[in-house]
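Structure record follows, encoded as structure tokens.
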Amino acid sequence: MPISTALGRSLWAATLLLGADAGVAAAQVQRDEQFYYPGGFNWQFLANYPAAARLFNAFDYGHAVLYERLYTERANAAPQLEKEYRYLTTDLLVRPPRFAVAEEVIMPSYSKLAWRGKMMFDWAHILHRQIYDAYSDQSLTATQRDALIERLTDYYLSNRKYAFTDKPKSMALMDEQYFSQTFRKAYPKFNGLIWAYHWLQVGLYEPFLEAQTETQRKAGVQATLARFWSMLEDPTSRMPKVMPMTSAVAPRFSAAHPRAAVIFDNLHMTHDIISDILTADTIPHDQKGTMIDDQLDKLQDPTAEVISLDEWRMMADHMGGIEAMGGPAAGLVRLVQAPATPLEAGQMHGAMPGMAADSGRMAHDMGQMNAPRKDMAHDSMPPTGGDTTRMPSGMDHGQVGTGQEAMKGRTEMMDLHARMMADPVIRKRVMADSAMRSLMTQMMDSVGAARPGAPDPGRTQKHEGHGQQKSEPSGRKQSPAKPPAPAPRPARPESADT
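Under this note's numbering, think of the first position of the sequence shown as 12, with each following residue one higher.
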């Protein structure tokens with residue numbers, strides 16, 4: 012055979028192979044990455060607030076493992092999710108990872124199913140963390156910080172492939188489709204954990220905006236973290252009953268940066284929608300990826316299912332108010348009773364079914380972190396955050412007192428509880444010991460029951476309008492208290508450098 016003929020055939024065969032490879036490549040979903048906005052402010056949140064920053068690494072694992080279990084285990088996901096819930100709340104959140112989690116390793120099957128969704132979540136989470144970095148950079152003035160946050164939002168929106176729209180979406184997308192609310196009905200405890208994540212993700216902006224000094228900022232962040240931990244002490248009664256809205260949980264941040272606030276609400280709404288799609292048996296397994304893509308199209312479309320900014324700001328009140336969303340993230344807070352059913356919350360969107368059993372429990376928020384203290388006799392109690400925590404007045408366990416003195420004592424007791432739960436050593440011991448956790452829960456509930464103006468034990472409350480409450484006649488039976496959960500696996504203490 013002539014050399015020219017052999018060479019021609021070889022080139023022809025190579026062309027066919029290259030063409031076939033190109034066809035296969037074109038049929039595959041593109042895998043790509045994206046880079047955060049550069050600047051010296053990056054990583055300031057981790058440097059200055061490591062306990063808070065590392066929690067978000069654990070949150071990433073929680074989201075990833077949830078989707079993987081729902082997609083791969085299908086109808087058999089319940090025991091796996093219960094195991095993961097236990098691991099998260101007694102181990103990983105207590106000792107969060109030092110570095111970001113490679114989510115595609117945790118959820119390989121889901122990543123293949125919905126790479127676009129995975130990347131959209133990653134891109135929004137980067138915006139979250141860079142805004143924390145902006146707030147944590149002590150070299151920035153308030154004006155410089157606000158301008159930087161707006162630039163970060165512009166940079167986020169410039170990635171049209173993976174950015175959520177900054178136009179607020181109707182809650183009908185999350186609550187009124189034929190597959191809606193299936194996840195929260197099937198897994199109310201894990202759903203409450205996800206909503207607690209989302210409460211903290213947006214609520215943590217508030218102490219940065221409320222504080223005037225670095226000391227106040229650190230105390231405020233510590234208080235917000237303590238409120239998050241209090242939600243996990245008695246699931247599901249203290250967890251949010253509806254999806255936390257950024258406009259309600261972070262009102263200062265939402266007023267200063269409404270575009271970013273809307274983006275985060277659209278992000279959190281999408282988390283719920285995808286959980287419902289993966290849970291719903293009304294969607295065939297081989298069509299779940301297509302359904303997820305259809306929903307992502309709607310969440311990126313600035314014209315579909317859109318509401319006005321005024322409607323978005325009022326939406327939280329229609330959903331039950333801040334009390335139904337886990338309570339405020341900063342400032343002076345109060346003990347309130349969260350709505351038990353959609354009817355009691357004015358047919359609020361996003362209410363968690365199956366929560367009536369918790370209607371008699373108090374939704375507990377922790378007190379301010381920087382209130383003055385009286386002398387404390389318990390010298391063995393470790394200080395938190397570098398401060399000397401002292402026993403407040405009115406802590407005589409035999410009698411609490413009356414009038415203003417008693418009220419002050421109860422408020423300071425709540426504040427002491429917040430500081431104790433903010434200490435990592437104390438928090439680990441409480442979360443790992445079901446008996447201790449139950450005692451602390453009973454103590455705080457008794458403080459709320461004795462507080463002047465607290466709800467009558469024989470009454471329930473109804474949210475009307477903008478957070479107003481109306482008592483119903485006594486006589487409605489209260490659900491029995493839940494028995495203590497079995498003792499979880501004790502968490503190992505972290506080293507002192509954490």
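Built from N, CA and C at the ideal position, the CB exists for glycine as well.
CB-CB length for residue i against residue j, believed under 8 angstroms
i, j, result
"residue 290", "residue 193", "4 angstroms"
"residue 81", "residue 88", "5 angstroms"
"residue 96", "residue 204", "6 angstroms"
"residue 294", "residue 128", "So it is not a contact: roughly 15 angstroms between Cβ atoms."
"residue 199", "residue 247", "6 angstroms"
"residue 147", "residue 56", "4 angstroms"
"residue 228", "residue 241", "No, residue 228 and residue 241 are not in contact; Cβ-Cβ is about 20 angstroms, not under 8 angstroms."
"residue 77", "residue 201", "7 angstroms"
"residue 210", "residue 337", "4 angstroms"
"residue 72", "residue 103", "6 angstroms"
Beta-carbon proximity check, residue i vs residue j, cutoff 8 angstroms
i, j, result
"residue 125", "residue 300", "yes"
"residue 156", "residue 258", "no"
"residue 261", "residue 216", "yes"
"residue 529", "residue 52", "Residue 529 cannot be examined here, being either before or after the span of the chain that is shown, 12 to 509."
"residue 47", "residue 79", "no"
"residue 327", "residue 333", "yes"
"residue 287", "residue 132", "no"
"residue 283", "residue 185", "yes"
"residue 108", "residue 68", "yes"
"residue 166", "residue 134", "no"
"residue 281", "residue 310", "yes"
"residue 571", "residue 266", "Because residue 571 is not part of the residues shown, which for the chain are 12 to 509, the question remains open."
"residue 85", "residue 296", "yes"
"residue 275", "residue 213", "yes"
"residue 237", "residue 218", "no"
Identity of the residues DSSP links to residue i by a beta bridge
i, result
"residue 317", "180"
Check: residue i C-beta below 7 angstroms from any heavy atom of the ligand NAD
i, result
"residue 239", "As for the ligand NAD, it is missing from this structure, which has no ligand bound."
What are the uninterrupted segments assigned as alpha helix (DSSP H) that are 4 or more residues long and contained completely in the segment 281 to 315, given in chain order?
If you keep only unbroken alpha helix (DSSP H) runs of at least 4 residues inside the segment 281 to 315, you get 299 to 311.
Is there contact here, the segment 314 to 325 with the segment 124 to 144, by at least three beta-carbon pairs under 8 angstroms?
Using a Cβ-Cβ distance cut-off of 8 angstroms, the segment 314 to 325 and the segment 124 to 144 are not in contact, since fewer than three pairs of beta carbons, one from each stretch, lie closer than that value.
Pairing CB atoms from the segment 107 to 116 with CB atoms from the segment 252 to 264, are three or more of them under 8 angstroms?
Of all C-beta pairs linking the segment 107 to 116 to the segment 252 to 264, fewer than three are shorter than 8 angstroms, placing the two stretches out of contact.
Do the segment 222 to 242 and the segment 163 to 182 make contact, defined as three or more Cβ pairs closer than 8 angstroms?
Segments in contact, no.
To test your reading of the DSSP string, which unbroken alpha helix (DSSP H) runs of 4 or more residues are found completely within the segment 73 to 154?
Along the length of the segment 73 to 154, whole alpha helix (DSSP H) runs at least 4 residues long occupy 88 to 98, 114 to 117, 119 to 124, 126 to 147, reported in chain order.
Any chance you could list the alpha helix (DSSP H) runs of at least 4 consecutive residues sitting entirely within the segment 200 to 244, in chain order?
The alpha helix (DSSP H) runs lying completely inside the segment 200 to 244 and spanning 4 residues or more are 216 to 221, 225 to 244, given in chain order.
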